[in-house]
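Undergrad: From first to last, the protein sequence lines are chains B and L.
Sequence positions in the first sequence follow my numbering and run 1 to 358.
Sequence positions in the second sequence follow my numbering and run 1 to 185.
Don't be surprised by glycine CBs; every beta carbon is placed ideally from N, CA and C.
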Amino acid sequence: MFSLEGITKSLQDWLYLNFNPTWALVIECLIVIVLAIALFAFLGLVLVLMERKVAAHMQIRLGPNRVGPKGMFQTAADTLKLIMKEGLTPDGADKFLFNLAPFVVMIVAMLILAPIAFAKGFQIWDINIGVLYVSAISSLSVIGILMAGWASNNKYSLLGAMRSGAQIVSYELSAGISILCIVVLSGSLSINEIIASQQNGWWLFKGHIPVIIAFVIFMIAVTAETNRAPFDLAEAESELTAGFHTEYSGMKFALFFLAEYINIFIVCAIGATLFLGGWMPFHIGNWQDFNHIMDYIPSSIWFFGKTFFLIFLIMWFRWTFPRLRVDQLLNLEWKYLLPISLFNLLLVTVIAIFGWHF
Amino acid sequence: MGITQILFWILAITAIFSALMVVISKNPVYSVLWLIVTFFTISGHYILLNAQFLAVVNIIVYAGAIMVLFLFVIMLMNLNKETEPQKSKWLKLAGAVAGGCLLLVLVAGLRHTEKQMTEMVTGDIGLIQNLGKVLFKDYVVPFEISSILFLSAMVGAVVLGKKEPRIPVETEMRKVEETQQAINI
Chain B
1 MFSLEGITKS
11 LQDWLYLNFN
21 PTWALVIECL
31 IVIVLAIALF
41 AFLGLVLVLM
51 ERKVAAHMQI
61 RLGPNRVGPK
71 GMFQTAADTL
81 KLIMKEGLTP
91 DGADKFLFNL
101 APFVVMIVAM
111 LILAPIAFAK
121 GFQIWDINIG
131 VLYVSAISSL
141 SVIGILMAGW
151 ASNNKYSLLG
161 AMRSGAQIVS
171 YELSAGISIL
181 CIVVLSGSLS
191 INEIIASQQN
201 GWWLFKGHIP
211 VIIAFVIFMI
221 AVTAETNRAP
231 FDLAEAESEL
241 TAGFHTEYSG
251 MKFALFFLAE
261 YINIFIVCAI
271 GATLFLGGWM
281 PFHIGNWQDF
291 NHIMDYIPSS
301 IWFFGKTFFL
311 IFLIMWFRWT
321 FPRLRVDQLL
331 NLEWKYLLPI
341 SLFNLLLVTV
351 IAIFGWHF
Chain L
1 MGITQILFWI
11 LAITAIFSAL
21 MVVISKNPVY
31 SVLWLIVTFF
41 TISGHYILLN
51 AQFLAVVNII
61 VYAGAIMVLF
71 LFVIMLMNLN
81 KETEPQKSKW
91 LKLAGAVAGG
101 CLLLVLVAGL
111 RHTEKQMTEM
121 VTGDIGLIQN
131 LGKVLFKDYV
141 VPFEISSILF
151 LSAMVGAVVL
161 GKKEPRIPVE
171 TEMRKVEETQ
181 QAINI
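#1: Check distances from the C-beta atoms of the stretch 13-41 of chain B to those of chain C and list, in chain order, the residues that come in under 9 Å.
#2: Can you have a look at B:TRP150 and say buried or exposed, based on whether 16 or more other CB atoms are within 10 angstroms of its CB?
#3: How is the alpha helix (DSSP H) around B:PHE308 delimited, first residue to last?
#4: Below 9 Å between beta carbons is the criterion; list the residues of the stretch 11-31 of chain L that meet it against any residue of chain B, in chain order.
#5: Closest to B:LEU313 by C-alpha separation, out of B:ILE353, B:GLU193, B:MET50 and B:MET162, would be which residue?
#6: If you check the beta carbons only, do L:LEU76 and B:ILE143 fall under 8 Å apart?
#7: Under 9 Å, CB to CB, which of the residues in the stretch 102-117 of chain B have a partner in chain L?
#8: I want to verify the contact list: residues of chain L whose CB lies under 8 Å from the CB of B:LEU359, in sequence order.
#9: Report the residue ranges of all alpha helix (DSSP H) runs contained in full by the stretch 203-282 of chain B; include only those spanning at least 4 residues, in chain order.
#10: Mind checking which residues open and close the alpha helix (DSSP H) that includes L:PHE136?
#11: Taking buried to mean at least 16 other C-beta atoms within 10 Å of its own C-beta, is L:LYS26 buried or exposed?
#12: Give a yes or no on whether the minimum CB-CB distance between L:VAL107 and chain B is below 8 Å.
#13: Quick one, which of B:ASN263, B:ASP327 and B:ASP91 has its alpha-carbon nearest B:VAL108's?
#14: Going along chain B, which residues have a C-beta under 9 Å from L:PHE53?
#15: What is the DSSP secondary structure of B:GLN167, reduced to helix, strand or coil?
#16: With three or more beta-carbon pairs closer than 8 Å as the criterion, would you say the stretch 210-217 of chain B touches the stretch 287-302 of chain B?
#17: Using a Cβ cut-off of 7 Å, pull out every chain B residue sitting near L:MET77, in sequence order please.
#18: If the criterion is Cβ atoms closer than 8 Å, does the pair B:THR241 and B:TYR156 meet it?
#19: Alpha carbon to alpha carbon, what distance is there between B:ALA93 and B:ASN153?
#20: Could you check whether the Cβ of B:ILE353 sits closer than 8 Å to any Cβ belonging to chain L?
#21: Evaluate B:LEU329 with the Cβ neighbour count: other Cβ atoms within 10 Å of its Cβ, from every protein chain shown; 16 or more gives buried, anything less gives exposed.
#22: Taking Cβ-Cβ distances shorter than 9 Å, what residues in chain L pair up with B:ASP169?
#23: Rounded to whole angstroms, what's the CA-CA distance from B:ALA352 to B:PHE257? Just pull it up for me.
#24: Short check: CB of B:MET147 to CB of B:VAL104, under 8 Å?
#25: Indicate whether the contact test is met: 3 or more Cβ pairs, each with one atom in the stretch 51-59 of chain B and one in the stretch 36-43 of chain B, closer than 8 Å.
#26: Mind listing the chain B neighbours of L:LEU127? Cutoff is C-beta to C-beta under 8 Å, in chain order.
#27: I'd like the span of the beta strand (DSSP E) that includes B:ALA117, first residue to last.
#28: Assuming B:ASN192 and B:ALA269 are in contact, meaning their beta carbons sit under 8 Å apart, how far apart are those beta carbons, in whole angstroms?
#29: According to DSSP, is B:PHE354 part of a helix, a strand, or is it coil?
#30: Once you ignore the five residues that flank L:LEU93 on each side, which residues in its own chain have a CB closer than 6 Å to its CB?
#31: Quick check on DSSP: helix, strand or coil for L:GLN129?
#32: Which chain L residues are close to B:ILE143, counting only those with a beta carbon under 9 Å from its beta carbon?
#33: Please list the partners that L:VAL56 has in chain B, where partner means a Cβ-to-Cβ separation under 9 Å.
#34: Cα-Cα, which of B:GLU86, B:TYR16, B:VAL348 and B:ARG52 is closest to B:TRP203?
#35: By the three-class DSSP mapping on this structure, what secondary structure does B:PHE321 have?
#36: Mind pulling the chain B residues with CB within less than 8 Å of L:ILE6?
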């Protein structure tokens with residue numbers, strides 16, 4: 001049976017057989033870097049095309065259909081155009097921070113990849129506090145956005161960055177609390193152990209209504225954290241031109257654009273891991289035969305299937321809901337989501353203590 | 001020199017350099033950004049000591065929350081090199097002397113410590129399980145009291161930030177104008 005775990009294991013054995021441990025480690029790091037960059041490029045191309053196709057479907061039109069069969073190469077052509085374009089730096093801008101900001105956003109997005117389990121035994125760093133690590137690093141992307149907004153020396157950029165900062169800092173709270181619900185239920189912060197705890201069913205089904213509430217709150221909060229519509233106040237084009245990246249052009253703009261899609265992928269991967277069992281196939285309790293049939297589908301397909309389902313959900317939000325006003329946005333978080341999620345965490349703790357989940 | 005030592009030296013030099021840059025930078029925004037770099041290198045040191053939980057909490061609390069608020073405020077007030085008042089030369093000298101005194105005392109205090117005190121990579125006190133046990137068994141009361149301290153600080157902030165009772169329209173208008181000038185955007 002096809003498995004990524006076997007490939008990585010045999011590769012590691014071969015490396016340690018032929019090189020001394022230090023060089024084997026260096027070569028493994030290089031392979032990981034190449035794979036991460038390849039994944040980023042691939043995701044960028046696929047997700048942008050998916051977004052446009054989903055948008056077209058929602059609005060009953062065709063979407064990109066000129067370049068390649070059914071417009072498959074549209075995003076590749078767009079990327080080529082962005083590479084060719086001149087990357088302008090405004091005269092009044094803070095040159096150093098202006099050019100650094102897109103890379104900060106990108107590097108932060110790359111760092112979050114480390115603890116994500118893409119398939120069974122296919123993980124860059126099995127850190128024992130994986131979930132905490134993810135929420136720590138994801139809170140840093142706001143620094144890059146603030147840098148971009150301030151360094152542009154443009155009032156729209158600054159306002160966009162400020163809105164984005166307020167938004168990310170406040171929605172992190174309810175996202176963190178809904179992650180905590182699963183941590184309380186599974187009793188571990190390690191991503192591997194959380195997945196292993198869903199062997200006999202995913203938490204979304206095992207944890208009764210409180211976990212479903214946590215899942216809904218998590219999806220709302222991560223949509224806000226990634227600055228997606230209906231929470232895209234940071235780049236509300238009717239008010240702020242393009243928000244924090246108004247002054248960016250060419251490849252520097254493309255990096256922001258790419259980082260947005262990578263962040264969507266990552267938060268959806270985390271959501272899939274916590275609530276939908278990560279790479280764990282769909283198991284129902286002790287139905288051995290059914291579970292065995294499900295086990296025949298490779299774990300990587302399960303993981304990417306669930307992740308792309310959640311990505312589709314977030315895209316669906318974007319083309320369905322109108323944009324919120326900034327006061328509505330903050331009211332929603334501080335007056336509704338946060339109290340609900342705090343109470344919900346209490347319920348989940350009670351369930352976990354009494355063992356009421358399946 | 002193993003990988004651990006190489007990493008230690010890189011982290012230590014970066015930490016000292018960025019900490020110096022926090023003080024030296026003329027632009028407040030740069031100071032805050034260098035401070036974020038400093039917190040990162042300190043988190044790197046925690047990871048070298050195998051205290052991953054402390055490292056991540058350091059990033060969440062300082063780099064992720066407090067420094068973002070710092071940046072927020074400084075950017076919103078639009079402080080930059082031109083608006084920053086230049087201190088006199090003697091004040092800078094006095095600051096350097098005071099900092100040097102502190103360094104002297106620290107070096108004198110730590111000179112006689114045992115050399116092999118740190119546990120590189122192997123220590124496990126910083127792991128979340130051990131830390132949680134220590135906090136909730138041996139130090140429950142101080143831990144809970146510190147949480148009450150946070151709560152009172154939060155309540156204080158809310159009280160301070162609450163809307164003032166009604167003031168005449170004229171003064172309110174003037175206030176708005178003043179804030180707009182202060183923000184200058």
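TA: In brief:
#1: No chain C is part of this structure, whose protein chains are labelled B and L.
#2: Classification for B:TRP150: buried.
#3: 299-318
#4: So the list reads ASN27, VAL29 and TYR30, given in the order they occur along the chain.
#5: If we check each option's Cα against that of B:LEU313, B:MET50 comes out closest.
#6: no
#7: none
#8: Nothing about residue 359 of chain B can be reported from this structure: the residues present for chain B run from 1 to 358 only.
#9: 203-206, 208-225, 237-240 and 250-275
#10: Where L:PHE136 is concerned, there is no enclosing alpha helix (DSSP H), given that its DSSP letter is neither H nor E.
#11: exposed
#12: Chain B places no beta carbon closer than 8 Å to that of L:VAL107, leaving this residue out of the contacts.
#13: B:ASN263
#14: Near L:PHE53 (Cβ distances below 9 Å), the residues of chain B are ASN128, ILE129, LEU132 and LEU189.
#15: helix
#16: no
#17: Those do not exist, as L:MET77 stays about 11 Å from chain B at its closest Cβ, beyond 7 Å.
#18: yes
#19: 5 Å
#20: It does not; no Cβ of chain L falls within 8 Å.
#21: buried
#22: Contrary to the premise, residue 169 of chain B reads as Val rather than Asp in this sequence. Those are GLY64, ALA65, VAL68, LEU69 and PHE72, listed as they occur along chain L.
#23: Within the model, the alpha-carbon separation for B:ALA352 versus B:PHE257 is close to 40 Å.
#24: yes
#25: no
#26: What L:LEU127 touches in chain B: ASN128.
#27: 117-119
#28: Wrong, their Cβ atoms sit about 14 Å apart, outside the cutoff.
#29: helix
#30: none
#31: If DSSP states are grouped into helix, strand and coil, L:GLN129 belongs with the helices.
#32: LEU33, ILE36, ALA63, GLY64, MET67, VAL68 and LEU71
#33: Result: ILE127, ILE129, LEU132, TYR133, SER135, ALA136 and ILE137.
#34: Shortest Cα-Cα distance from B:TRP203 to any of B:GLU86, B:TYR16, B:VAL348 and B:ARG52 involves B:VAL348.
#35: coil
#36: None at all; the shortest Cβ gap to chain B is about 10 Å.
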